[in-house]
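Heads up, the sequence shown is in UniProt numbering, so the first residue is 1 and it goes up one at a time. Okay, so here's the structure we're looking at.
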Amino acid sequence: MFVCFISSHTGVERQFEAQGRTALRLAHFLSNFMQNVDEYGEFGDLKGDRRLNETQIFAEVIANVMGDFKILGSGAFFDRYTFRMSPPVNNTDPRFVNGITREFFGPYAWRHSTAQAGLDFFNALDFSGFKKFYTDEPWFQNMKARWATNFYDLKKFTAKPMIRSDYNGTSLIRFEYYPITFRAATYEDGEWLRPQFKCDGRVSDWVVTYLAPIFGKNDLKTRLEFKGVVTVDVKLDYLDINQCPSSFYAANAFKNTARCDYESQYCVALEGKRFNTGGYKCECRQGYEYPFNDLAWFFDGQTMEQEYGKLQRGEPNRYHTLRCRIGGASSVAASLVLVVAMAVMQLLV
1 MFVCFISSHT GVERQFEAQG RTALRLAHFL SNFMQNVDEY GEFGDLKGDR RLNETQIFAE
61 VIANVMGDFK ILGSGAFFDR YTFRMSPPVN NTDPRFVNGI TREFFGPYAW RHSTAQAGLD
121 FFNALDFSGF KKFYTDEPWF QNMKARWATN FYDLKKFTAK PMIRSDYNGT SLIRFEYYPI
181 TFRAATYEDG EWLRPQFKCD GRVSDWVVTY LAPIFGKNDL KTRLEFKGVV TVDVKLDYLD
241 INQCPSSFYA ANAFKNTARC DYESQYCVAL EGKRFNTGGY KCECRQGYEY PFNDLAWFFD
301 GQTMEQEYGK LQRGEPNRYH TLRCRIGGAS SVAASLVLVV AMAVMQLLV
């Protein structure tokens with residue numbers, strides 16, 4: 001039940017930023033392509049790029065999943081009648097001479113995890129064939145409503161491409177349209193959805209999803225418009241939870257649940273412990289010291305959780321011994337030995 005309260009204070013945006021930027025990079029590529037590429041452009045012996053095609057987008061979402069083991073699924077979902085692709089190279093059908101505009105196009109790739117590392121396999125399909133349209137999903141509707149008309153906050157990106165002056169690459173010259181600019185969302189403009197358990201027959205796990213919007217020019221190339229959404233589904237189990245004390249306004253269901261003795265200790269959250277309790281350590285406060293003669297200087301959070309659980313169940317435990325002692329105990333013992341030694345020396349003299 002705690003997963004519904006995960007927010008920025010739990011660290012989703014920070015811990016999964018690399019995975020979120022995977023979706024953002026694809027959204028930037030599509031935004032740049034749809035704002036700048038004109039298949040009718042000709043530059044001497046160079047011709048303009050063709051339009052996007054289905055195979056390319058499928059390859060992009062599959063690469064997103066294959067490139068990061070934390071990502072369980074990734075998709076690129078285009079709005080209605082915004083995905084316009086080039087006709088086949090050997091097309092003879094006059095209906096498709098100017099290209100094909102699809103009403104829906106939503107390629108999605110996902111990972112099939114196996115017990116042996118490195119042997120995962122991947123599948124992909126097009127969501128346009130489902131009875132329930134992905135454009136009717138709340139996450140798509142909310143993102144579209146947010147960016148329907150207001151593009152003021154979009155960041156302007158600039159590229160300065162250089163091309164070969166001839167086929168032999170004698171020298172570099174500036175591209176005809178230099179520099180190239182496009183507007184796209186930043187990482188902060190995207191959105192992390194609340195955790196959910198996916199049981200759709202593809203991904204069967206707890207995930208958190210990041211959404212990055214796609215923007216392109218309208219048919220007249222006079223203004224920007226919303227084109228779609230790129231998503232990544234990240235496995236929730238890789239999220240580190242923070243049980244240490246936080247401010248009262250921090251929306252973190254796990255805060256203040258660490259089992260440290262706060263009179264003599266303070267809590268330090270640890271990274272890499274994943275979605276499990278005990279991902280912290282209890283270090284001694286100033287004026288206190290670690291009581292045991294071993295290589296550690298702190299109490300491990302998992303040990304604290306285990307001993308506290310035994311205490312709650314009425315079992316034998318050592319929870320109350322896992323606390324720091326007042327500093328100076330070792331120096332007091334050393335001083336007592338010194339006093340005794342001096343007394344013995346005086347008696348001998």
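All C-beta atoms, glycine included, are put in the ideal place defined by N, C-alpha and C.
- Collapsing the DSSP output to three states places TRP192 in a strand.
- Here GLU307 is buried. Its C-beta has 16 or more other C-beta atoms within 10 Å.
- For ILE100, the CB contacts under 6 Å within the same chain, skipping 5 residues up- and downstream, are MET85 in chain order.
- Spatial neighbours of LYS160 in its own chain (CB-CB distance under 6 Å, excluding positions within 5 residues in sequence) are listed in chain order as PRO179.
- Take HIS112, set aside five residues on each side of it, and the residues of its chain with a beta-carbon closer than 8 Å to its own are ASP120, PHE121, PHE122, ASN123, in chain order.
- Residue pairing of LEU211 in beta bridges, as defined by DSSP: GLU191, THR231.
- With at least 16 other beta carbons inside 10 angstroms of its own, GLN265 counts as buried.
- Judged by DSSP secondary structure, LYS310 falls within the alpha helix (DSSP H) whose first and last residues are 301 to 312.
- Scanning TRP192, ILE163, THR170, THR158 for the CA closest to the CA of THR181 turns up THR158.
- One thing to note: TYR134 has its Cβ within 7 Å of the Cβ of GLY106.
- Annotation: the continuous alpha helix (DSSP H) that includes VAL65 extends over 54 to 66.
- Listed in chain order, the non-local C-beta contacts of ASN256 below 6 Å within the same chain comprise PRO245, local neighbours out to five positions each way being set aside.
- In the pairwise beta carbon analysis, the stretch 246 to 253 is classified as not touching the stretch 271 to 286: fewer than three pairs are separated by under 8 Å.
- Cβ neighbours of VAL203 within its own chain (closer than 7 Å, five residues either side excluded): LEU72, GLY73, TRP110, ASP233.
- Contact annotation, TRP147 with LEU193: C-beta distance approximately 16 Å; criterion of less than 8 Å not satisfied.
- In the DSSP assignment, ARG146 falls within the unbroken alpha helix (DSSP H) covering 138 to 146.
- Beta bridge pairing from DSSP links TRP206 with PHE197.
- Between the alpha carbons of MET342 and LEU348 lies a gap of roughly 10 Å.
- For ARG102, the uninterrupted beta strand (DSSP E) run begins and ends at 100 to 102, by DSSP.
- Here the C-alpha atom of VAL230 lies approximately 10 Å from the C-alpha atom of LEU30.
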